[in-house]
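So the structure is just underneath, and the comments pick up after that.
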Ligand code: NDP
């Protein structure tokens, strides 16, 4: 029987540890400001979950909701103000942004030391160079989940399906740091099924419901399902056909309750790290 890698349970451990570390801090608690533009319903849910998680671990949390017609110049101006505000340790601009605003320009405007999403080019560079920095929350959470379960990574063949800047690429960089031999597959990969069958560690970050079937998975592989797909009946499923793959893998993350909760827990970890790295305001 495969080991179920519960992100939900591990996220609880991470948050309990954060609560203790926050209580032991000298000076102000970590402060996270989330900027949201427009009223995308999914974004509202994510932002609400982030705000709740912050409060639970004792962080200061602020959500700035801006109308959809906000200009890029206005957002960049706001980010400048947040960069200069010593009580704000982490700044996160919720994606997706409206089409008239460039994700890249916004990501590059946040001070790298406050970039708790890990999207700033400086943090991306630090990640690939093997330096310390703030790195994307989802892949950071996955690597910590492996460590938590003593899953050995050195020398393993890791295949990541998906090459986004949010998941696939940073996942590749982090697994390289863990001494995996890393392959990144995408929509133009030839014979994806055979590629998957070679993988000791298989990470699916595609966005296609239950695409990865039992006969795509090497017996004994560790499978991580990042996908979050809503089916027509409203059911949330991943990119992996969970019920059938369970029979062949050695460990697997479920959906829901797998990678999702880790992403928020590691946003909190990044905010805590940003707070430690920034000098507290004078007098604290
Ligand atoms: P993107 O849409 O940015 O990237 C999807 C990737 O999948 C692309 O690289 C694309 O290739 C690749 N792809 C698409 N179709 C195929 C195919 N048929 N075969 C192989 N590769 C394919 O998505 P994200 O990385 O942002 O997210 C991926 C999934 O993870 C989504 O379901 C998302 O909701 C979920 N997610 C979950 C999170 C969590 O916390 N659990 C956090 C972030 C995302 P190409 O580049 O060639 O187009």
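Numbering (the numbering used here), first residue to last: 93 to 376.
We treat Cβ as the ideally placed atom computed from N, Cα and C, and that holds for glycine.
Item to complete: Give me whichever residues DSSP pairs with residue 182 in a beta bridge.
Response: The residue given as residue 182 occupies position 90 in the chain shown. Bridge partners of residue 182: 124.
Fill in: Limits of the unbroken beta strand (DSSP E) element including residue 317
Along the chain shown, one-based indexing puts residue 317 at 225. Its beta strand (DSSP E) spans residues 314 to 317.
Discussion item. Quick check on residue 157: does DSSP put it in helix, strand or coil?
Written reply: Start at 1 with the first residue of the chain shown, and residue 157 comes out as number 65. Looking at residue 157 - three-state DSSP - the assignment turns out to be strand.
Discussion item. How far does the beta strand (DSSP E) with residue 246 in it extend, from its first residue to its last?
Written reply: The residue labelled residue 246 in the question sits at position 154 within the chain shown. Here residue 246 belongs to no beta strand (DSSP E), and DSSP marks it neither H nor E.
Worksheet item: Does at least one heavy atom of ligand 1 sit under 8 angstroms from the Cβ of residue 241?
Response: As a first step, residue 241 must be located in the chain shown, where it is residue number 149. Checking every heavy atom of ligand 1 against the Cβ of residue 241, none is found closer than 8 angstroms.
Worksheet item: Does the segment 345 to 355 come within contact of the segment 207 to 217, defined as at least 3 CB pairs closer than 8 angstroms?
Response: Taking 8 angstroms as the limit for Cβ pairs, the verdict is that the segment 207 to 217 does not touch the segment 345 to 355.
Discussion item. At the level of alpha carbons, what is the spacing between residue 317 and residue 300?
Written reply: Taking the first residue of the chain shown as 1, we reach residue 317 at position 225. Taking the first residue of the chain shown as 1, we reach residue 300 at position 208. About 11 angstroms.
Practice prompt. In the DSSP assignment, find the beta strand (DSSP E) that holds residue 363 and state where it starts and stops.
Written response: By 1-based counting over the chain shown, the position of residue 363 is 271. Annotation for residue 363: no beta strand (DSSP E) segment contains it, though the alpha helix (DSSP H) segment containing it runs 351 to 369.
Worksheet item: When you compare each of 296, 364 and 354 to residue 103 by their alpha carbons, which one comes out closest?
Response: For the purposes of this step, residue 103 is taken as residue 11 along the chain shown, with counting starting at 1. Distance check between residue 103 and each of 296, 364 and 354 places 354 closest, using alpha-carbon atoms only.
Worksheet item: When the Cα atoms are used, what is the spatial distance from residue 273 to residue 234?
Response: Here residue 273 corresponds to residue number 181 of the chain shown, with the count starting at 1. Here residue 234 corresponds to residue number 142 of the chain shown, with the count starting at 1. Straight-line spacing of the CA atoms in residue 273 and residue 234 works out to 17 angstroms.
Practice prompt. Would you tell me roughly how many angstroms separate the C-alpha atoms of residue 208 and residue 331, rounded to the nearest one?
Written response: In the chain shown, residue 208 corresponds to position 116, counting from 1. In the chain shown, residue 331 corresponds to position 239, counting from 1. Straight-line Cα distance between these residues: approximately 26 angstroms.
Fill in: Validate contact between the segment 355 to 369 and the segment 171 to 189 using beta carbons, cut 8 angstroms, 3 pairs
The segment 355 to 369 vs the segment 171 to 189: in contact.
Practice prompt. Using alpha carbons as the reference points, say which of 294, 152, 256 and 319 lies closest to residue 308.
Written response: Reading the chain shown from its first residue, position 216 is the one you call residue 308. Selection 294, 152, 256 and 319 evaluated against residue 308 yields 294 as nearest (Cα-Cα).
Worksheet item: For residue 321, is the beta carbon positioned less than 8 angstroms from some heavy atom of ligand 1?
Response: By one-based count along the chain shown, residue 321 stands at place 229. Because some heavy atom of ligand 1 lies under 8 angstroms away, the Cβ of residue 321 counts as near it: yes.
Worksheet item: How many Å lie between residue 97 and residue 231 at the Cα?
Response: Sequence index remark: in the chain shown, residue 97 carries index 5 (1-based). Sequence index remark: in the chain shown, residue 231 carries index 139 (1-based). For residue 97 and residue 231, the distance between alpha carbons rounds to 15 angstroms.
Discussion item. Would you say the beta carbon of residue 172 is closer than 8 angstroms to some non-hydrogen atom of ligand 1?
Written reply: Taking the chain shown and counting its residues from 1, the one referred to as residue 172 is at position 80. For residue 172, the shortest C-beta to heavy atom distance toward ligand 1 is 8 angstroms or greater.
Item to complete: Pair every Cβ in the segment 133 to 145 with every Cβ in the segment 197 to 204, then say whether three or more of these pairs are closer than 8 angstroms.
Response: Not touching, per the Cβ criterion.
Practice prompt. Under 8 angstroms by Cβ, that's how I've got residue 306 and residue 337 pegged, so tell me the actual separation to the nearest angstrom.
Written response: Looking up residue 306 in the chain shown gives position 214. Looking up residue 337 in the chain shown gives position 245. At roughly 5 angstroms, the Cβ-Cβ gap stays under 8 angstroms, so residue 306 and residue 337 are in contact.
Fill in: Segment contact flag, the segment 162 to 174 with the segment 111 to 124, C-beta cutoff 8 angstroms, min 3 pairs
No, the segment 162 to 174 is not in contact with the segment 111 to 124.
Item to complete: Using the DSSP secondary-structure output, state which residues sit across from residue 207 in a beta bridge.
Response: Here residue 207 refers to the residue found at position 115 of the chain shown. Residue 207 is bridged by DSSP to 183.
Practice prompt. State yes or no: is the C-beta of residue 281 within less than 9 angstroms of the C-beta of residue 315?
Written response: For this step, residue 281 is matched to residue 189 along the chain shown. For this step, residue 315 is matched to residue 223 along the chain shown. Cβ distance not < 9 angstroms, so residue 281 and residue 315 don't count as in contact.
Practice prompt. With distances taken Cα to Cα, identify the nearest neighbour of residue 119 among 239, 202, 152 and 245.
Written response: Taking the chain shown and counting its residues from 1, the one referred to as residue 119 is at position 27. Of the candidates 239, 202, 152 and 245, 152 places its Cα closest to the Cα of residue 119.
Worksheet item: Can you give the Cα-Cα distance for residue 94 and residue 222, rounded to whole angstroms?
Response: Taking the chain shown and counting its residues from 1, the one referred to as residue 94 is at position 2. Taking the chain shown and counting its residues from 1, the one referred to as residue 222 is at position 130. The C-alpha of residue 94 lies about 32 angstroms from the C-alpha of residue 222.
Practice prompt. Answer yes or no: the CB of residue 150 versus the heavy atoms of ligand 1, is any distance below 8 angstroms?
Written response: Sequence index remark: in the chain shown, residue 150 carries index 58 (1-based). Ligand 1 never approaches residue 150 closely enough for any of its heavy atoms to be under 8 angstroms from the residue's Cβ.
Worksheet entry | Between the CA atoms of residue 345 and residue 333 - distance to the nearest angstrom | Along the chain shown, read from residue 1 onward, the residue named residue 333 stands at position 241. Along the chain shown, read from residue 1 onward, the residue named residue 345 stands at position 253. Here the alpha carbons of residue 345 and residue 333 stand approximately 11 angstroms from one another.
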